[in-house]
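Notes follow once the structure below has been shown.
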Amino acid sequence: MGSLTDQLASLVEDADVVLLFSPSTSFYTRFEEMGSAAVVVAAENAVDAEEFVELPLPFENVRDRIRFGIEGAMDADLVDEGDEVVCVVSIFGDATDAVVRVGVDSTIHTGIYDLFVNSRADPGVIRDVFEVAIELGQKGQKGKPVGALFVVGDAGKVMNKSRSLSYNPFEKSHVYVGDPIVNVMLKEFSRLDGAFIVSDSGKIVSAYRYLEPAAEGVDIPKGLGARHMAGGAITRDTNAIAIVLSESDGLVRAFKGGRLILEVDPEEY
Amino acid sequence: MTGCASWVAILPAVSNDLGAASVPSSAASDVLGAVPERLWVALLVLVLGLVSAVIVGILSRRLLTRAGVPEAIEGTAFERTAREFDTSTVAIIAKLSAYFIVAVAVVVALTVAEVDFVDRFWENVATFVPRLFIALLVIIVGIVVGDKAELLVAERLRGVKLPEVGLLPTIVKYSIVYVAALLALGQVGVETLALIILLAAYALAVVVLLALATKDLLAAAAAGLFLLLRQPYGIGDEVRVAGQRGIVQEVDLFVTRIETDGEEHILPNHAVFRDGIVRIRE
């Protein structure tokens, strides 16, 4: 066994920073006693770590989770470009079971962290919209797959760059994403054509909106439909972000600044 | 309380029964007859009192537990102190009510037994015991509610990272304990006028300070309520308020956010209301 440990020791050799993803309290205390710098990445700071990055979604895709953690740590100046980062994560089940070594360079920066934290809308609102879209993707509407387009943040500008397809069901209402009844309501309204518009604070401003952005310079993969194009384009024209549930492949995609930032498979949650 | 009233009502009937029963027995009745009848009744009352005290103690403990009191007061300082002495708030209250019944039973028994020499003393005690009981209960409830309120307020304020905020839960707690102490002292007949004046002054100061401090917020909230209900303008409308022209981004209870190129104006809602709104339609 000694030789195996020796072999694998190179994996953690000269690491600049250690990222602990959702560590248990005992695991973290052992780390703390060792005196090495460890950044905790988790949904909440249950271990009272000094250096902490909040994880808004429990990314099932480990690459996304690690990217989010590293970008968050870079944003807080805990990690710099050129650092060697060792990530302690759990892939199967809840217990910590994997060590991943990542060299931080410019390619790691995809903007996942930026999408959640530096958008106009509150991170909690973006998380709630993600959850709604994921749930909609899992269950569909009456068993059939549905598509949906949520434009989150910068609602005033988005409203001015879109027009109503029909009467707005959310007119003079005070419905916020994250309210308990909203998921059901949105599921019913997802039958409607057009986009949902959500304000910075999470108020659902309108459904049934036809987006009219200028579509030049939108860089999204070929093969995605009109819904994705409209969603991607509006994020280029305004400071909003778009969260799109595809009807054809059932994936949830997030756009910001006209770029595809994140792709999530609802079936994995 | 209603229980002891009904015992008193059945007492004459009981004493008659005892009297009738004691007639046929011969030798034993001489010994028993030496003891006055009313002493027997007093003894009976005492025994009944003890039995009902035990029952009331158990019942109140179960009722309180069933009502979810232990969970509700979990973690309060009083409960923790009680736990240190291997008891709990519920047990203390149950015991208190049991002792109260015993005390009442003793008083009733003594009255029935017509113990003359301590008559006046017991008369005072008879009126004082229920009051003392209520005072103790009020104090315990006050302390527990105060602790609980402190915990709740502290919980709500946890998000606010200000050291001074730590004072607020303590103030809330001691205010409640103070009021409870006032009530308890009033029960046992202590003159509390000065303390009540102090409380009034304190309450007035709090109200005046709050009104002063939140004057603008209240005005904004009142205007915001109207704006939210009637929605004279909505998100996406272009408006001019107080000389600021822009697109409405957000309306909440206190403020309206209006944005123009790169500038976001956050206007208190009462300013919107006072100065009027211009909706711009092309």
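Top line first, the protein sequences correspond to chains A and B. Numbering of the first sequence is given in full-length UniProt numbering, commencing with residue 1 and proceeding in unit increments. Numbering of the second sequence is given in full-length UniProt numbering, commencing with residue 1 and proceeding in unit increments. Beta carbons are placed, not taken as given, at the ideal position from N, Cα and C, and that holds for glycine. Bear in mind the structure is a predicted one, so any value in this text is a computation, not a measurement.
- If you compare the alpha carbons of B/Arg245, B/Gln187 and B/Thr76 with that of B/Arg131, the shortest gap goes to B/Gln187.
- Of the residues B/Glu71, B/Pro169 and B/Val51, the one whose Cα lies closest to the Cα of B/Gly146 is B/Pro169.
- Burial check for B/Ala109: the Cβ neighbour count within 10 Å reaches 16 or more, so the residue is buried.
- Residues of chain A whose Cβ lies closer than 8 Å to the Cβ of B/Leu228 are, in chain order, His174.
- The beta-carbon distance between A/Asp128 and A/Gly202, rounded to whole angstroms, is 7 Å. This is short enough to meet the 8 Å contact definition.
- Around the beta-carbon of B/Asn124, fewer than 16 other beta-carbon atoms lie within 10 Å, marking it exposed.
- Taking a 10 Å sphere around the C-beta of A/Pro266, we find 16 or more other C-beta atoms and assign the residue as buried.
- Bounds of the alpha helix (DSSP H) holding B/His270 are Asn269 to Asp275.
- Annotated three-state conformation of A/Tyr210 is strand, per DSSP.
- Among the residues facing chain A, B/Gln244 is not included, as its CB has no counterpart in that chain under 9 Å away.
- Cβ contact annotation for B/Thr260 (same chain, cutoff 7 Å, sequence separation greater than five): Arg245 and Gly246, in chain order.
- Fully enclosed alpha helix (DSSP H) runs of no fewer than 4 residues occupy 25 to 34 and 62 to 75 of the segment 23 to 87 of chain A, in order along the chain.
- Residues of the segment 118 to 140 of chain A whose Cβ lies closer than 7 Å to any Cβ of chain B: none.
- The C-beta distance from A/Ile241 to A/Lys256 rounds to 5 Å, short enough to meet the 8 Å contact threshold.
- Boundaries of the alpha helix (DSSP H) around A/Phe130: Pro123 to Lys139.
- A distance below 7 Å between beta-carbons, with the five flanking residues on each side excluded, links B/Leu183 to the following residues of its chain, in chain order: Val138.
- Residues of chain A whose Cβ lies closer than 7 Å to the Cβ of B/Glu263 do not exist, since the nearest Cβ in that chain is about 13 Å away.
- For A/Asn160, the C-beta contacts it makes with chain B under 7 Å involve Gly236 and Ile247, in order along the chain.
- Neighbours of A/Lys157 across chain B, judged by C-beta separation under 7 Å: Ile247.
- Beta-bridge partners of B/Ala211 (DSSP): none assigned.
- About 18 Å separates the beta carbons of A/Ile234 and A/Val132, which is beyond the 8 Å limit, so they are not a contact pair.
- At a cut-off of 9 Å between beta carbons, A/Val12 makes no contact with chain B.
- Under a 10 Å Cβ-count criterion, A/Met159 is classified as buried, with 16 or more other Cβ atoms of the shown protein chains found around its own Cβ.
- For B/Glu259, a Cβ of chain A is located within less than 9 Å of the residue's own Cβ.
- The C-alpha of A/Val198 lies about 29 Å from the C-alpha of A/Met74.
- One thing to note: B/Asp216 has its Cβ no nearer than 9 Å to the Cβ of B/Val241.
- Closer than 9 Å at the C-beta level to chain B, one finds these residues of the segment 196 to 220 of chain A: Ile197, Ser199, Asp200, Ser201, Lys203, Val205 and Ser206.
- Here DSSP, grouped into helix, strand and coil, assigns B/Thr256 to strand.
- Secondary structure note for A/Lys256: its beta strand (DSSP E) is the uninterrupted segment Val252 to Lys256.
- Distance from the CA atom of B/Glu150 to the CA atom of A/Val86, rounded to whole angstroms, is 43 Å.
- Around the Cβ of A/Gln7, a 10 Å sphere holds fewer than 16 other Cβ atoms; the residue is exposed.
- Assigned with DSSP and collapsed to three states, B/Gln249 falls in strand.
- Counting the other CB atoms within 10 Å of its CB gives B/Arg83 a total below 16, which places it among the exposed residues.
- Take the alpha-carbon of B/Leu48 and the one of B/Leu199: they are about 44 Å apart.
- The beta carbons of A/Ala254 and A/Leu115 sit about 6 Å from each other, so the pair counts as a contact at 8 Å.
- Judged by DSSP secondary structure, B/Gly186 falls within the alpha helix (DSSP H) whose first and last residues are Leu167 to Gln187.
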